[in-house]
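Enquirer:
There are 2 protein chains.
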Amino acid sequence: MGLAERKEREKAELKEMILQAAKKIMLKHGQEGLSIRKIANDIEYSPATIYLYFKDKDEILHELMELGFLKMNKYMTAAFAEGDAVQRIYLIGEAYINFGLENKDWYDLMFSSDKPMKHIEKCREDWDQGMMMFDFLANTCKEAIDRLSLKSQDERILALQLWSCVHGLVMLAHSERIEIVEPNQKETLIKKTLDSMLVSIFDK
Amino acid sequence: MGLAERKEREKAELKEMILQAAKKIMLKHGQEGLSIRKIANDIEYSPATIYLYFKDKDEILHELMELGFLKMNKYMTAAFAEGDAVQRIYLIGEAYINFGLENKDWYDLMFSSDKPMKHIEKCREDWDQGMMMFDFLANTCKEAIDRLSLKSQDERILALQLWSCVHGLVMLAHSERIEIVEPNQKETLIKKTLDSMLVSIFDK
DNA sequence: TTGTTTGATAAACAGTGTTTAGTATATTTG
DNA sequence: CAAATATACTAAACACTGTTTATCAAACAA
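First to last, the protein sequences are chains B and V.
Heads up: the first sequence is residues 38 to 241, going by the working numbering.
Heads up: the second sequence is residues 38 to 241, going by the working numbering.
#1: Give me the chain V residues within the contact set of B/Ile217, using Cβ-Cβ distance strictly less than 9 Å, ordered along the chain.
#2: Look at the alpha carbon of B/Asn135 and the alpha carbon of V/Leu174, and state the distance between them as a whole number of angstroms.
#3: Using only the alpha-carbon positions, how far apart do V/Gln57 and V/Leu98 sit?
#4: Would you check if the distance between the CB atom of B/Phe106 and the CB atom of B/Gly167 is smaller than 8 Å?
#5: I need the boundaries of the alpha helix (DSSP H) containing B/Asp232, first residue and last residue.
#6: Who are the near neighbours of V/Ser237 in its chain, counting only those whose CB is closer than 7 Å to its CB and skipping five residues on each side?
#7: Give the straight-line distance between the Cα atoms of V/Gly137 and B/Val203, rounded to the nearest whole angstrom.
#8: Which residues, in chain order, does the segment 199-216 of chain V contribute to contact with chain B at a C-beta distance below 9 Å?
#9: Using a beta-carbon distance below 8 Å, is B/Arg193 in contact with chain V?
#10: Count the other CB atoms, across all protein chains shown, that sit within 10 Å of the CB of B/Thr177; report buried if there are 16 or more and exposed otherwise.
#11: Helix, strand or coil for B/Leu51? Go by DSSP, reduced to three states.
#12: Could one say the Cβ of V/Ile73 lies closer than 8 Å to chain B's Cβ atoms, at least one of them?
#13: Taking the C-alpha atoms as reference points, what is the distance between V/Lys159 and B/Leu199?
#14: Taking all protein chains shown into account, decide if V/Met169 is buried (16 or more other Cβ within 10 angstroms of its Cβ) or exposed.
#15: Kindly indicate which residue of V/Arg193, V/Glu81, V/Ile87 and V/Asn78 has the alpha-carbon position closest to the one of V/Ala49.
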């Protein structure tokens, strides 16, 4: 009976419409400017309808986050394909920062906002794409540690160290703190700092 | 004529009351839970009155920020007094992270929120305490570079590198991302990562 | 043709930041 | 001292926000 299936499909279609409207509004008005009522207005349904498809606003942000990781993956493809581990780390770092600088709203959603992170159990479920990326980085670190026989034995510590550095850099750029301490050279400053970071770890 | 002065003083007193109420509410309900109406209720004035003393909510957050830097300075006193430059950097890093972890709301106000950073000119005015700290770190970096004759020549790049690392670490901790990739060892993980960071720069 | 389930919504609740028009008190001036 | 002005304050409104509840009409099943 294809009738139940059609219902199912229509339900999924509206859910997708909500998500696409949410994405559109977030990209236009930022994460702060995204509201249930704006979504409802955009898809020409009432605000209450949205709550038939999503538990609350956080759940929408959650699902948007996954779209963000898809976008980020595109920045990473070249880096992931690199054969040399150390060079791969360089490329991942560059791609990470480029993604962060060029997609502030996506980035905040994925790495900064603690809104979608209320319950840690549910978190690790929905953030598996983030975890996969971290694990990939950690594995690359292991390779690099072995090849260069670095002192740091724990690849997950090194991965966390690298992540902290680029995350901090992106966040400082987003909140204009880099402009404050050193005006009008954000771009070059970021590149130089990333380079200095990686050199101090691998190139000594 | 001490009359005008008394008026002036009373005006300053109410302004201080507003600020103290704002601080109290922020510490109790977080930055998100701080509202003009809650402040008004606390000081037993109408919400509109607050706008006679502050341009808008951002201005309140701005002035709170300065209180935050006073608090942070207390964490730093021991580090600032250290004679050895490299050791001073270690202590500053530790103090920075301790402050960040123990005072999430203050930290977000000072380093994360871009709310009080709307106009960059006004920014550099009100963020002078932050700039002073950065300059102090940069000077310490210069000392360290000279003493260890490190390859990195630009002390401001090195300072930005250090800042990015600890900032990133604190932000990842705040948004529970560290818990996600490596559950139940946040504290030790942060200490190990900070150590690894500093070792890779200075101790090679 | 009933009865029931489903999908959508209007309206309300409890908040938010901010503005405006108005009032009561205090100070200054004639 | 009385009238005029300046000051300090606020009630009420505006335009929003996320979310819930009661209602209602249409589609489906018996």
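Every residue gets a Cβ at the ideal spot worked out from N, C-alpha and C, and that includes glycine.
None of the values given here were measured: they were computed from a predicted structure.
Expert: On the basis of the coordinates in this document:
#1: Met154, Ile157, Cys160, Arg161, Trp164, Gly167, Met168 and Phe171
#2: 27 Å
#3: Between the alpha carbons of V/Gln57 and V/Leu98 lies a gap of roughly 12 Å.
#4: Going by C-beta atoms, B/Phe106 is nearer than 8 Å to B/Gly167.
#5: Element bounds for B/Asp232: Lys223 to Phe239.
#6: Correct list: empty, nothing qualifies.
#7: 18 Å
#8: Trp200, Ser201, Cys202, Val203, His204, Gly205, Leu206, Val207, Met208, Leu209, His211, Ser212, Glu213, Arg214, Ile215 and Glu216
#9: Closer than 8 Å: yes.
#10: buried
#11: helix
#12: With its beta carbon at least 8 Å from every one in chain B, V/Ile73 lies outside the interface.
#13: Answer to the nearest angstrom: the Cα atoms are 33 Å apart.
#14: It counts as exposed.
#15: V/Ile87
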